[in-house]
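Residues 790 to 1192 (the numbering used here) are what the sequence shown spells out, left to right.
Positions of the beta carbon are idealized from the N, C-alpha and C atoms, including for glycine.
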Amino acid sequence: MADGRGQTTPQERIAGQIGHGPGAGDVWVFVEQRDGVAAEVSLELLGRARELADRLGVRVGAVLAGAGEAVRALAPALVARGADVVYLADHEDLAEYLALPYTRLVTGLVRRHGPQIVLYGATTTGRDLAPRVASNLRTGLTADCTDLRIGDLETKGVVTRDLLYQIRPAFGGNIIATIARPDHLPQMATVREGVMVMPEEDPDRSGEVVDVPVRRGAVAATDGPILLPESDFAVRVVRRVQEQKSVDLKGARIVVSGGVGVGSREGFALVEQLAETLGGVVGASRAAVDAGWIGHDHQVGQTGVTVRPKLYVACGISGSVQHRAGMDQSARILAINKDPDAPIFSVAHYGIVGDLHKVIPMLIKAYRTKGSAATGVGTSTGAAASPDAGAAPGAASAAEGGA
Ligand SMILES: Cc1cc2nc3c(=O)[nH]c(=O)nc-3n(C[C@H](O)[C@H](O)[C@H](O)COP(=O)(O)OP(=O)(O)OC[C@H]3O[C@@H](n4cnc5c(N)ncnc54)[C@H](O)[C@@H]3O)c2cc1C
């Protein structure tokens, strides 16, 4: 897109907008942690930040805040996942996430160092923190991105090179929008959990840990410690109550999901049986969740969990764009649907056209009698079609008659 007329890059404009300290132009990730354990989405973001930074020829910075040894001990793990520099704010006032002190910390660090990109997980914390930082810095924020890339943008004859393309579903998931902001820095985005691939840990990577001095106090300062005024502590964390998720969809190797085609809450027993037989967990479409047949923790898709299992079985799910957004990166997809034209078959590696109430019992029987070798489920070959059900690899094979 660059045509030679009035070209500029975010890096060239950083000095004028948000400072020019060490680290100007870097790509940053705000790392969420609890008890010294980083949120998975933060580690996923370090992997993508690494790719973006390599493309831009800059460093990856990780902002890590908390209190005590456990947080300090996390810094090398962030380097091993791709960070070049970890800005470590270790202070008792930062032991628990609180909106105002954390906003002040991140805003202060950005003003001092001038990164061109700052990424946050689209978690409760990220969704609370990122807009506050954006507002303080008078910059924009794209929420809930599903992809991030680097590209150029031409507006009114001026080409801005190397902008962050912030990619996310829009208009109810019916289009994928690419958002780029040439006018304000840093470019900021929250990113959905599970959409980026977790980077491998490389214990041989080296990086720098920069201690960020933090102090309670009201005196304004542009260098020295970052000051957290008393007024930032109007809220106090009294107790942390954590509800366990009823299912770990993200970590599952096999996910068997049911949709409207399952027909009822009772019908989900069949989906559960198949999941149990295959050693997987139960997922669902939003329509099945909205019908009250299964809890929201089980929802796969744009407003649910993004999964990448070795095998995803979609039972009675049409395959809306919002559902596919949460499962189409699965290694193998088996769809069971009575409509041969259902969109789910466009992403399925294997399809069975038939009534799931007949097909699922046949699959269970086949698996139980012939074992995983017969169905291929759970083996590395991944061929998941059941011979008894009359299905064959390839989308939309006919099994109606076979049932
Ligand atoms: C902003 C937004 C966000 C959304 N987020 C999500 C999300 O995160 N996840 C999600 O899933 N959806 C989401 N949706 C909803 C989505 O648009 C669809 O409405 C939903 O995915 C449909 O669910 P379904 O496939 O179970 O139902 P349907 O679309 O009604 O499909 C049911 C399927 O079952 C088949 N069938 C019926 N009976 C049988 C049978 N006996 N045997 C075999 N097959 C049978 C039918 O042929 C049909 O294909 C979202 C929508 C919006 C607007």
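- Residue pairing by DSSP places G940 opposite L952 in a beta bridge.
- In this structure, G983 keeps its C-beta atom at 8 Å or more from the C-beta atom of K1034.
- By the CB criterion at 8 Å, L908 and V820 fall outside the cutoff.
- Contact annotation: T935 and P958 have beta-carbon atoms nearer than 8 Å.
- Per DSSP, the continuous beta strand (DSSP E) segment holding V852 begins and ends at V849 to G855.
- Per DSSP, reduced to three states, the secondary structure at L834 is helical.
- Within the model, the alpha-carbon separation for D951 versus N963 is close to 27 Å.
- Shortest gap from the CB of D1144 to any heavy atom of ligand 1: under 7 Å.
- Contact between R1121 and H1138 is confirmed by a C-beta separation of about 5 Å, below the 8 Å threshold.
- Cα atoms of L867 and A828: separation of roughly 11 Å, rounded to the nearest angstrom.
- In terms of CA proximity to M987, L832 leads the group L832, G814, D815 and D1144.
- The beta carbon of Q1088 sits closer than 6 Å to those of A1073, R1075 and V1078, all from its chain and outside the five residues before and after it, given in chain order.
- Here G850 is buried. Its C-beta has 16 or more other C-beta atoms within 10 Å.
- T1066 and L877 have their alpha carbons spaced roughly 46 Å apart.
- Around the CB of P811, fewer than 16 other CB atoms lie within 10 Å, so the residue is classed as exposed.
- A contact between stretches requires three or more CB pairs, one per stretch, nearer than 8 Å, and the stretch 936 to 945 fails this requirement with the stretch 871 to 887.
- Minimum Cα-Cα distance from S924 among the listed residues M977, Y954, A911 and H880 corresponds to M977.
- Bridge pairing for M987: absent [DSSP].
- Judged by DSSP secondary structure, N925 falls within the alpha helix (DSSP H) whose first and last residues are T913 to L926.
- In the assembly as shown, R848 is a buried residue. Its beta-carbon has 16 or more other beta-carbons within 10 Å.
- Remark: C-beta atoms of G1115 and V1096 approach each other more closely than 8 Å.
- If you draw a 10 Å sphere on the C-beta of H1085, you find fewer than 16 other C-beta atoms in it, and that means exposed.
- Distances from the CA of G903 to each of V816, S995 and G1140 were compared; the closest alpha carbon is that of V816.
- Just measuring C-alpha positions, the residue of V998, E997, S995 and I1015 sitting nearest R1004 is I1015.
- The C-beta of G814 has 16 or more other C-beta atoms within 10 Å across all chains shown, which makes the residue buried.
- Here A866 carries a helix assignment [DSSP, helix/strand/coil].
- Of the candidates G915, L853 and I1083, I1083 places its Cα closest to the Cα of R1054.
- For T1092, the CB falls within less than 7 Å of some heavy atom of ligand 1.
- In the structure shown, R1005 adopts extended strand secondary structure according to DSSP, grouped into three states.
- At least one heavy atom of ligand 1 lies less than 7 Å from the C-beta of N1126.
- Buried is the label assigned to Q1091, since at least 16 other Cβ atoms lie within 10 Å of its Cβ.
- Secondary structure note for F1022: it is in no beta strand (DSSP E), with a DSSP letter that is neither H nor E.
- Look at Q1111 here: in three-state DSSP terms it is helix.
- Between V1045 and V1136, the C-beta spacing is not below 8 Å.
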